[in-house]
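Numbered according to our numbering, the sequence shown spans residues 39 to 684.
Yeah, the Cβ is synthetic: ideal placement off N, Cα and C, and Gly gets one too.
Shown next, in C-alpha cells, is the structure this report addresses.
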Amino acid sequence: MLVNPQKPDNTDSVNTPYQMSNGLNPESDSGATIEELQEALARSQQRERELKEVVDVLRRRRTPKTEKTGRGDRLYAEFLRQSDERARLIREVAVAAHEAVSPDHALRAVLECICTYTRWPVGHVHVPAADNSGTMVPAQIWYLADPDRYNVFRQVTNETEFPPGVGLPGRVFTTGRPAWITDVTRDSNFPRARLADDIGVRGAFGFPVFIGSRLEAVLEFFTDEPSPPDDDLLDIMTQVGVQFGAVLRRKHAEEAVRRSETHMRQILENALDAVICIDSEGIIVEWTPRAEKLFGISRHMAMGAELADTIIPERYRDAHRNGLRRMQCGQPPKILNTRIEIEALRNTGEEFPVELTITMLRDRNTPMSFAAFVRDITERRMAEKQIQQLNDDLEERVGRRTAELRSAQQELVEKERLAVMGRLIAVVSHELRSPLGTLRNVTFTLGELMSHAGNDKTMSLLERADRSITRCDGIIDELLNFTRTSAPKRKAMPVDAWLMDVVRDYPVPDGIKLTIASPLPTCRIRIDPERMRRCLVNLIANAAQAIETTASASPGKISIRATIDDESLMIRVADNGPGIPENQLGDILKPLYSTRSNGFGLGLAIVKQIVEQHDGELVVESLPGSGATVKMMLPLSRPENVATKS
C-alpha cells in the first residue's frame, strides 16, 4: 500500500473547476461541526492506542528468533507510521473541508488530500442525477496529477453516465459501500475501458459520501498500474466518507443561507414597496433604498432612529407607541397582517397617503421585531377622486341621455308603426286583394271545367296555384298584422320534412338552381310552421330576385343548409348574386327599406319579426360581388323549443 503522506512532485497541475449542474442539494439543518470531527478523530486515536497495547503484548512475548531478526520492532514501527498517516489524513480532510468556502471547494480539497495520501494520480466525483433515477453522472471536478496524460480518460468519463449497479460509480451507489477494482481493463463491469484503446488507468477504488441516509456523491480514484485490494485503505475511506458527509452537509447549509441572504437583500433593494424593520422598542433596524427615496431620508440617518419620530405624523405617535407596549405585554395586535391606508411624513414635513402592511418577525432565538411594507398611494388617491368625479358626471349624463333616448325611441316607434300601417292599408288592399280574388275565381272555374276531363296533372297544378293564392292571402294578413304582436302557434315539426315541403312547393325561376345540403337534421322543433314557412320563402325569393338582377353569365345558385347543435337550429340561405353593399347592411332589416325599385321593403323585416317571435336571431352577411347569406338561428334551450329525436 502506498501511504507516503508527502505531496508528489507532479501535483502542480490544475484541477478542473467544479460545475455541479446536477448539484448537491443543501438540507435545512446545519450538519456536523468541527467538534464532531474532532470527536471522531479521538475515537480513531483510541483504537490505535488499543492496537498499540496489543503490539506491546506481542513484543513482550517475542521469541529469541524474532528478537534476533528484529521483526517485531519493524512491524511496530510500520504500524505506528501507518496509524500516524491515517490520522493525519482524517485530520487534513476535516480541516480542508471545514475551511472550504463552498461544497465544490470542499470536494476538490478532499480529492487532493486523498490523492496525496495514496499517491494515486487521478481523483474524480460522481453525483446522483437530478431525476432521482439512481443514475450517477460525472461532476466536473477532478484531481489530475498530469492532465495531458489522462485527457482521454477524462473525456470518456465526462461523457458517460452510470445506471445503478453499472461501472464503479453505479456499483458504489447500489451497495452503499466502498468498492475496489484491481485492474479496470480486466473488469467486466467497467464500461469506460471499452470506450477507448487506452484510457491510461488500471487500479481503482471508490467510496460513497452520505448526508444522513442520502447518498450525496461517489468519489473514485485511479492509478496507472494494477493494484490489489487494500481493506485497510477502504476502511479509512469509509470513515472519511462518513466524516466528510457531515462537513458537506454543513457547507450546503451555509451556502443555502448565503444564497437566501443574497436573494433577500436583492428582493428588498428592488422591491416596489419601501420595507422598514423595527425592533420591539420601535427602533429602525432596516431601511431599504426604496424607503430612502420615498421619505427622503438616507439609510445612515434612519438606522437606529425611532420610527415614531422619523416618518409618523405627530397625531399618530402616541397610538403607535401604545400599540408597541401592548404587544410587549402579550396583548393581541390589532393591525398586524392587515392592509391599511394612513398618512406618513417625509423629511420635509409634508404628509402624504400610504398603504401600509405590518408583519411580526419572531422566532425562538431573536427578540420580537416587525417589518412594515409601505407604498405611496398619492397618485392612486388622485386617480380615485378623478374617477369618482367622472363617474358622477357620467351617471348624470347617462341618466339624462337615457331619458331622452327613451322618449325619442317611443316617438319613433309610434311614428314608424303608424306609417307602416298607413302604407299597408293603402297599398295592400288595392294592389293585392283584388287580383288575388280574381285569380282564385279563375282557378276555381278552371278546376270545375277540368274536373270532368280526367287530367290529373292539370288538376294538381290548379291545386298548387290555389295553395299559392292562399299563401298570398296569408302574406297580406301578416302585412296587416305587422304592427301588431301575437304569439306564434307552435307545434313540433320534423326539421327535414318541413324544409323539404317548403322547398318543394316553391316555384324556382328558370336559370336558378336550388339545392338543399344533406344530411338534414333528423329532429323535431317547436315552431309556427306557417310563419316559419313565410320566413324561408321570403329568403329564397329575395335570393332569386338578387340573382336575376345580376348580369353574370354563370348560372344562379341558391343553397339551403340546416345544422343543429346543443343550443340552436341554424337555417342558412346563401346565393351567388351581386351581394349587398356594405353601407346598406345596417339598414337591410329595417321595415320599408328596399334596394329594388319594386316591392315595399318588408320581406326581411317580416322575417326578422317572426324569428324574434320565436326567440331567435336573424343575421345577414355579404361581400359585394360574392353573394349574400342569411342565417336564421332558433334557440333550443327554452322548454317550448327543445328539439327531440324523430
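query: Chain D contact for residue 384 (CB, 8 Å cutoff); result: Of the protein chains in the structure, only one exists, and it is not chain D.
query: Spatial neighbours of residue 372 in its chain, beta-carbon cut-off 8 Å, leaving aside the 5 residues before and after; result: 361
query: Coarse secondary structure for residue 406, derived from DSSP in three states; result: strand
query: Separation of residue 489 from residue 509, as counted between CA atoms; result: 23 Å
query: Residue 286 vs residue 322 beta-carbon contact at 8 Å; result: no
query: Residues bridged to residue 180 [DSSP beta-bridge criterion]; result: 162
query: Beta-carbon contacts of residue 662 that lie in its chain and below 8 Å, excluding the five residues immediately before and after; result: 616, 617, 618, 619, 620
query: Reduced DSSP secondary structure (H/G/I, E/B, other) of residue 341; result: coil
query: Sequence-distant residues of its chain with Cβ nearer than 6 Å to residue 504 (five each side left out); result: 481
query: Extent of the continuous beta strand (DSSP E) to which residue 660 belongs; result: 655 to 660
query: Exposure label - residue 379; buried when at least 16 CB within 10 Å; result: exposed
query: Residue 367, buried or exposed, once every other Cβ within 10 Å from all chains shown has been counted against 16; result: exposed
query: Reduced DSSP category for residue 616 - H, G, I as helix; E, B as strand; rest coil; result: coil
query: Which of helix, strand or coil DSSP assigns to residue 527; result: coil
query: Residue from 388, 499, 157 whose Cα sits closest to the Cα of residue 259; result: 157
query: Helix, strand or coil at residue 502 [DSSP, three-state]; result: helix
query: Among 381, 327, 363, nearest to residue 352 - alpha-carbon criterion; result: 381
query: Sub-8 Å separation of residue 152 and residue 163 beta-carbons; result: no
query: Residues near residue 593 in its chain [Cβ-Cβ closer than 7 Å; skip 5 each side]; result: 549, 551
query: Proximity winner among 657, 554, 192, 561, relative to residue 21 (alpha-carbon distances); result: Because the chain spans 39 through 684 in this model, residue 21 falls outside it and cannot be assessed.
query: Complete beta strand (DSSP E) runs within the segment 165 to 246 (minimum length 3 residues, chain order); result: 174 to 182, 217 to 219
query: Rounded C-alpha distance that separates residue 670 from residue 608; result: 6 Å
query: Residues of its chain near residue 202, where Cβ-Cβ distance is below 7 Å and the 5 sequence neighbours each way are ignored; result: 172, 208, 211, 212
query: Neighbourhood of residue 320 by C-beta distance below 8 Å, restricted to the same chain and skipping five residues each side; result: 344, 345, 346, 358, 359, 362
query: DSSP three-state assignment for residue 154, whether helix, strand or coil; result: helix
query: Nearest-angstrom beta carbon gap, residue 649 and residue 573 [assumed within contact, 8 Å]; result: 6 Å
query: As assigned by DSSP and simplified to three states, the class of residue 256; result: strand
query: Best match in 541, 565, 561, 604 for proximity to residue 577 [C-alpha to C-alpha]; result: 541
query: Cut-off 6 Å between Cβ atoms - residues of its own chain near residue 24, not counting five sequence neighbours on either side; result: Residue 24 lies beyond the residue range present for the chain, which begins at 39 and ends at 684; the question has no answer from this structure.
query: Buried or exposed (CB count within 10 angstroms, at least 16 for buried), residue 553; result: exposed
query: Spatially closest choice to residue 502 from 528, 534, 539, 524, by CA coordinates; result: 539
query: Endpoints, the beta strand (DSSP E) within which residue 601 is located; result: 594 to 602
query: Candidates 220, 274, 581: closest to residue 267 by CA position; result: 220
query: Residues near residue 527 by beta carbon distance below 6 Å, same chain, minus five either side; result: 566
query: Close-in-space but distant-in-sequence residues of the same chain around residue 428 (CB under 8 Å, 5 per side omitted); result: none
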